[in-house]
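J.: In this note's numbering, the protein residues as written are 782 to 879.
Could you have a look at this structure, given as structure tokens, before my questions?
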Amino acid sequence: MKAELHPVYPPSRITCACGNVVETKSTRGSFTVEVCSNCHPFYTGKYKLLDTAGRVEKFRKKYEAKPAAGAAKAAEGGAAPAEGAAPAAKKTAKKAKA
Numbered sequence: 782m783k784a785e786l787h788p789v790y791p792p793s794r795i796t797c798a799c800g801n802v803v804e805t806k807s808t809r810g811s812f813t814v815e816v817c818s819n820c821h822p823f824y825t826g827k828y829k830l831l832d833t834a835g836r837v838e839k840f841r842k843k844y845e846a847k848p849a850a851g852a853a854k855a856a857e858g859g860a861a862p863a864e865g866a867a868p869a870a871k872k873t874a875k876k877a878k879a
């Protein structure tokens, strides 16, 4: 093996925003993180549902069931023909001419 090939791997401290400190080794050195296994909801089981600025209501309003366009015209009085009715009407008109 070549000498001095591997990087230096000194002890380091990883500090979380919650105050948890993990002692390990790293080539990066000591650093801080925002979330660790002591404060992350997946590991703790303490989930918080945050609805910032009504995002859930905005989503529901945007995607709520809307009436079909044909149903709206029929309700107004102008009955729209069914989608399959137009080709059938053409066929009967051709037979009447023959």
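Virtual Cβ for every residue (Gly too), placed ideally from N, Cα, C.
This structure is a prediction, so every number in the text was calculated from the model and none was measured.
Considering only the alpha carbon of each residue, which of TYR790, PRO791, CYS817 lies closest to VAL803?
T.: VAL803 has its Cα closest to that of CYS817, out of TYR790, PRO791, CYS817.
J.: Which residue's Cα is closest to the Cα of TYR790: ALA798, ARG809, CYS797?
T.: The shortest Cα separation from TYR790 among ALA798, ARG809, CYS797 belongs to ARG809.
J.: Among HIS787, GLU785, HIS821, which one has its Cα closest to the Cα of CYS799?
T.: The shortest C-alpha separation from CYS799 is found at HIS821.
J.: Is THR880 helix, strand or coil by DSSP?
T.: The displayed coordinates of the chain run from 782 to 879. Any statement about residue 880 would go beyond what the structure contains.
J.: Can you check whether the CB of LYS806 is closer than 7 Å to the CB of PRO792?
T.: Cβ atoms of PRO792 and LYS806: closer than 7 Å.
J.: For the alpha helix (DSSP H) that VAL837 lies in, which residues bound it at each end?
T.: Note, VAL837: alpha helix (DSSP H), 836-844.
J.: What separation, rounded to the nearest whole angstrom, lies between the Cα atoms of SER811 and THR796?
T.: So the two alpha carbons sit approximately 8 Å from each other.
J.: Taking DSSP's pairing of strands, which residues face LYS806 in a bridge?
T.: LYS806 is bridged to PRO792.
J.: Tell me which same chain residues have a C-beta within less than 6 Å of the C-beta of GLU815, skipping the five on either side of it?
T.: If we look at GLU815 and ignore the five residues flanking it on each side, its Cβ neighbours are ALA798.
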